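Numbering (this note's numbering), first residue to last: 456 to 547. Where a beta carbon is used, it is the ideal one built from N, C-alpha and C, also for glycine. Since the structure is predicted, the reported quantities are computational estimates derived from the model, not experimental observations. See below for the structure under consideration.
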């Protein structure tokens with residue numbers, strides 16, 4: 456899998472959907488994050504998304520990668536960032 460390093464920023468991941476940011480990239484990013492989290496003893500993770508038309512497909516691919524790594528995924532849907540932040544501390 457060849458993921459463009461231009462999508463990785465200091466605090467987020469951004470790219471052109473279908474070009475630098477693909478469903479395949481989202482899957483492998485999810486798998487990598489999931490493996491790191493599992494190594495640290497995490498068992499579950501929350502996934503939220505914004506209102507862009509591409510968000511459901513990318514969130515689903517990310518979630519599939521996270522689950523492939525053995526994590527339980529809580530898909531909290533379309534939410535503002537503070538809600539996702541809250542979920543990271545209050546979901547099981």
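> Are three or more beta carbon pairs between the region 463 to 479 and the region 505 to 523 nearer than 8 Å?
Replying inline: yes
> If we call anything under 7 Å between Cβ atoms a contact, is residue 485 one with residue 520?
Replying inline: Sequence index remark: in the chain shown, residue 485 carries index 30 (1-based). Sequence index remark: in the chain shown, residue 520 carries index 65 (1-based). Yes, Cβ-Cβ distance for residue 485 and residue 520 is below 7 Å.
> Who are the near neighbours of residue 483 in its chain, counting only those whose CB is closer than 8 Å to its CB and skipping five residues on each side?
Replying inline: Numbered from its first residue, the chain shown carries residue 483 at position 28. Excluding residues within five positions, the ones whose Cβ falls inside 8 Å are 456, 458, 520.
> To the nearest whole angstrom, what separates the beta carbons of residue 525 and residue 493, a pair I think is in contact under 8 Å?
Replying inline: In the chain shown, counting from the first residue as 1, residue 525 sits at position 70. In the chain shown, counting from the first residue as 1, residue 493 sits at position 38. Confirmed, about 5 Å.
> Under the rule that 16 or more other beta-carbon atoms within 10 Å means buried, what is residue 504, buried or exposed?
Replying inline: The sequence position of residue 504 within the chain shown is 49, counting from 1. Per the 10 Å Cβ criterion, buried.
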